[in-house]
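Asks:
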Ligand SMILES: CC(=O)N[C@H]1[C@@H](OP(=O)(O)OP(=O)(O)OC[C@H]2O[C@@H](n3ccc(=O)[nH]c3=O)[C@H](O)[C@@H]2O)O[C@H](CO)[C@@H](O)[C@@H]1O
Ligand SMILES: C=C(OP(=O)(O)O)C(=O)O
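Residue numbers (the UniProt record's numbering): 1 to 416.
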């Protein structure tokens, strides 16, 4: 089953519950190795990236047990700080284990991480920050090896905000000797979620959600039971699927506090949105407007992880839209696939000029990354006739069961 088949043209209608967040759970899994004990995570999405991360944790000696949606990690038995190539190269977040393993074992060895091919994704800022905390880091035979006798608190100045580098230094600093200040820290909700998790584990962290995070190193951490918050990008994807099909849906457990700015953009498309106690309700029956200009930016700006899905929506809006991608320059590969479906998208550097067409037409298209794959599913839901999205392994890295969710919303969609 490496394909999704969609018979498009039906407005989405119904209720769906949003899964736990990929970008929150992955650094939390990396954080679990900091404690010589037990972490229990409830609402843990069994997506491919989580499965890969768990394989890595097992490989270094953790004992893992699933009980439905709850995951138990016993990290008391870690034997190694060396991560093998196999799973690390399938995902981005393997790199976040570098900081936590240095803190826990005093040594770590990784390969360049995988993850979505959406442009150059260097890890120079991760390495610079960990060196500042007194780690020696060198590259040998395609491996990045780190050693330290003792991690020491330091003052880190990032030249720009990086989610992953902020997470890596946070994980290393929690058990370091002394205080670390992270300047130009990322402010994404997943950073605040990671910090709240670490605080419950006994870490001393303040300032998350602002430009400067302060971490006072502590000697040890404690066992923890934690619920993974829901995924703002999955919620955004389904809201945009409702817009593309002019539907009317309720997203239960949507993380409303983290998607406020995004919801304002969805309203510009002509949708009506209501925040309810249980989640977000959207009526997109009249949502046909284009958006003159929209650009991606670090939080609270428009998320790069929703840019592709927005491109699919704008490809059938009334009029012309311009989308600028400021974070990952490889995300526009999607335009060729949408153009195969009858869209009219021209790429000019890091801007896409999108002339809305009346209808997309179904056909065979190929997912090339996680969010681009989800965007093709959205395009298929809105298109005439049958769409087949190939290479859906990309989508499954982040969406627990996109066909089940969209079927609950009345779509004609299945794996094949
Ligand atoms: C698992 C996870 O949480 N992934 C998210 C994380 O990715 P990730 O943590 O990889 O993204 P970053 O925030 O680090 O990347 C931001 C920018 O910084 C650049 N950069 C980053 C690190 C570095 O050492 N050097 C460097 O130049 C990147 O190429 C990019 O242009 O944040 C991205 C931006 O919100 C999201 O799209 C990803 O979904
Ligand atoms: C880019 C993404 O993921 P990753 O950083 O894990 O490749 C994403 O979630 O859209």
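Think of the CB as a built atom: it goes at the ideal place given N, C-alpha and C, for glycine as much as any other residue.
#1: What is the rounded straight-line gap between the Cα of residue 199 and the Cα of residue 317?
#2: Quick check on the burial criterion: 16 or more other C-beta atoms within 10 angstroms. Buried or exposed for residue 232?
#3: To the nearest angstrom, how far is the alpha carbon of residue 404 from that of residue 32?
#4: Return the Cβ separation of residue 20 and residue 196 in integer angstroms, given the expectation that the two are a contact with Cβ distance under 8 Å.
#5: Alpha carbon to alpha carbon, how far is residue 47 from residue 355?
#6: Leaving out five residues on either side along the sequence, give the residues of the same chain with a beta carbon under 7 Å from the beta carbon of residue 129.
#7: Terminal residues of the continuous beta strand (DSSP E) containing residue 252?
#8: Touch check for the stretch 201 to 213 and the stretch 246 to 253: three-plus C-beta pairs under 8 Å?
#9: When we look at the beta-carbon of residue 226 and count the other beta-carbons within 10 Å, is it buried (16 or more) or exposed?
#10: Quick one: complete alpha helix (DSSP H) runs, 4+ long, within the stretch 109 to 195?
#11: Please confirm whether any heavy atom of ligand 1 lies closer than 7 Å to the CB of residue 162.
#12: Do residue 118 and ligand 2 come close, with the Cβ less than 7 Å from some heavy atom?
#13: Let's test the definition: count the other Cβ atoms within 10 Å of the Cβ of residue 77 and tell me whether it reaches 16, buried, or not, exposed.
#14: What number of angstroms, rounded off, separates the C-alpha of residue 106 from the C-alpha of residue 79?
#15: When the Cα atoms are used, what is the spatial distance from residue 73 to residue 67?
#16: Just checking residue 23 against ligand 1 - is the residue's beta carbon closer than 7 Å to any of the ligand's heavy atoms?
#17: Tell me the residue span of the alpha helix (DSSP H) that contains residue 341.
#18: For residue 84 versus residue 34, is the C-beta spacing smaller than 8 Å?
#19: List, from N- to C-terminal side, the alpha helix (DSSP H) runs of 4 residues or more that fit wholly inside the stretch 299 to 361.
#20: Give the DSSP bridge partners of residue 25, in chain order.
#21: Quick check: what's the CA-CA separation for residue 117 versus residue 49?
#22: Check this for me: beta carbons of residue 23 and residue 392, under 8 Å apart or not?
#23: Let me know the secondary structure DSSP gives residue 219 once reduced to three states.
#24: Measure the C-alpha to C-alpha separation of residue 348 and residue 409 and round it to an integer number of angstroms.
#25: Using the beta-carbon count (16 or more within 10 Å), is residue 136 buried or exposed?
#26: Who pairs with residue 15 in a beta bridge, going by DSSP?
#27: Check whether the Cβ of residue 93 lies closer than 7 Å to any heavy atom of ligand 1, and answer yes or no.
#28: Distance, Cα to Cα, residue 162 vs residue 36?
#29: Between the alpha carbons of residue 357 and residue 343, how many angstroms are there, rounded?
Replies: According to the structure data:
#1: Locating residue 199 in the chain shown gives position 199, counting from the first residue. Locating residue 317 in the chain shown gives position 317, counting from the first residue. Their Cα atoms are separated by approximately 45 Å.
#2: The count along the chain shown starts at 1 and reaches residue 232 at position 232. Under this definition residue 232 is a buried residue.
#3: Sequence index remark: in the chain shown, residue 404 carries index 404 (1-based). Sequence index remark: in the chain shown, residue 32 carries index 32 (1-based). Each residue's Cα considered, the two are about 30 Å apart.
#4: Here residue 20 refers to the residue found at position 20 when the chain shown is read from its first residue. Here residue 196 refers to the residue found at position 196 when the chain shown is read from its first residue. In fact, because the Cβ distance is near 15 Å, the residues do not count as touching under 8 Å.
#5: Position 47 of the chain shown, counted from the start, is the residue given in the question as residue 47. Position 355 of the chain shown, counted from the start, is the residue given in the question as residue 355. Cα-Cα distance, rounded: 35 Å.
#6: Indexing the chain shown from 1 puts residue 129 at position 129. Excluding sequence neighbours, residue 129 sits near 156, 165, 168, 169.
#7: For this step, residue 252 is matched to residue 252 along the chain shown. Start and end: 248 to 252.
#8: no
#9: One-based indexing of the chain shown puts residue 226 at position 226. With 16 or more other Cβ atoms within 10 Å, it is buried.
#10: 124 to 132, 163 to 173
#11: Here the question's residue 162 lines up with position 162 in the chain shown. Yes; taking the cut-off as 7 Å, the Cβ of residue 162 has a heavy atom of ligand 1 nearer than that.
#12: On the chain shown, position 118 is the one that residue 118 refers to. Flag set: Cβ of residue 118 near ligand 2.
#13: Counting from 1 along the chain shown, the entry for residue 77 is found at position 77. Under this definition residue 77 is an exposed residue.
#14: In the chain shown, residue 106 corresponds to position 106, counting from 1. In the chain shown, residue 79 corresponds to position 79, counting from 1. Approximately 12 Å between the Cα atoms of the pair.
#15: What you label residue 73 is simply residue 73 of the chain shown in a count that begins at 1. What you label residue 67 is simply residue 67 of the chain shown in a count that begins at 1. Roughly 11 Å separates the two Cα atoms.
#16: Here residue 23 is taken as the residue at index 23 of the chain shown, counted from 1. Yes, the beta carbon of residue 23 sits closer than 7 Å to at least one heavy atom of ligand 1.
#17: In the chain shown, counting from the first residue as 1, residue 341 sits at position 341. Unbroken run through residue 341: none, as it is neither H nor E.
#18: Here residue 84 corresponds to residue number 84 of the chain shown, with the count starting at 1. Here residue 34 corresponds to residue number 34 of the chain shown, with the count starting at 1. No, they are not a contact pair.
#19: 307 to 314, 334 to 340
#20: As a working mapping, residue 25 is identified with position 25 in the chain shown. Partner(s): none; residue 25 has no beta bridge.
#21: As a position in the chain shown, residue 117 is number 117, starting the count at 1. As a position in the chain shown, residue 49 is number 49, starting the count at 1. Roughly 15 Å between the two C-alpha positions.
#22: For the purposes of this step, residue 23 is taken as the residue at position 23 of the chain shown. For the purposes of this step, residue 392 is taken as the residue at position 392 of the chain shown. No, these two residues do not count as a Cβ contact at 8 Å.
#23: Sequence index remark: in the chain shown, residue 219 carries index 219 (1-based). Reduced to three states, the DSSP call for residue 219 is coil.
#24: Within the chain shown, the letter at position 348 stands for residue 348. Within the chain shown, the letter at position 409 stands for residue 409. Distance between the alpha carbons of residue 348 and residue 409 is about 36 Å.
#25: For the purposes of this step, residue 136 is taken as residue 136 along the chain shown, with counting starting at 1. Result: exposed.
#26: As a position in the chain shown, residue 15 is number 15, starting the count at 1. In the DSSP output, where bridge partners are listed per residue, residue 15 has 250.
#27: Residue numbering aside, residue 93 sits at position 93 when the chain shown is read from its first letter. Answer for residue 93: yes, Cβ within range of ligand 1.
#28: Along the chain shown, one-based indexing puts residue 162 at 162. Along the chain shown, one-based indexing puts residue 36 at 36. Near 28 Å, if we compare the C-alpha coordinates of residue 36 and residue 162.
#29: Reading the chain shown from its first residue, position 357 is the one you call residue 357. Reading the chain shown from its first residue, position 343 is the one you call residue 343. Straight-line Cα distance between these residues: approximately 6 Å.
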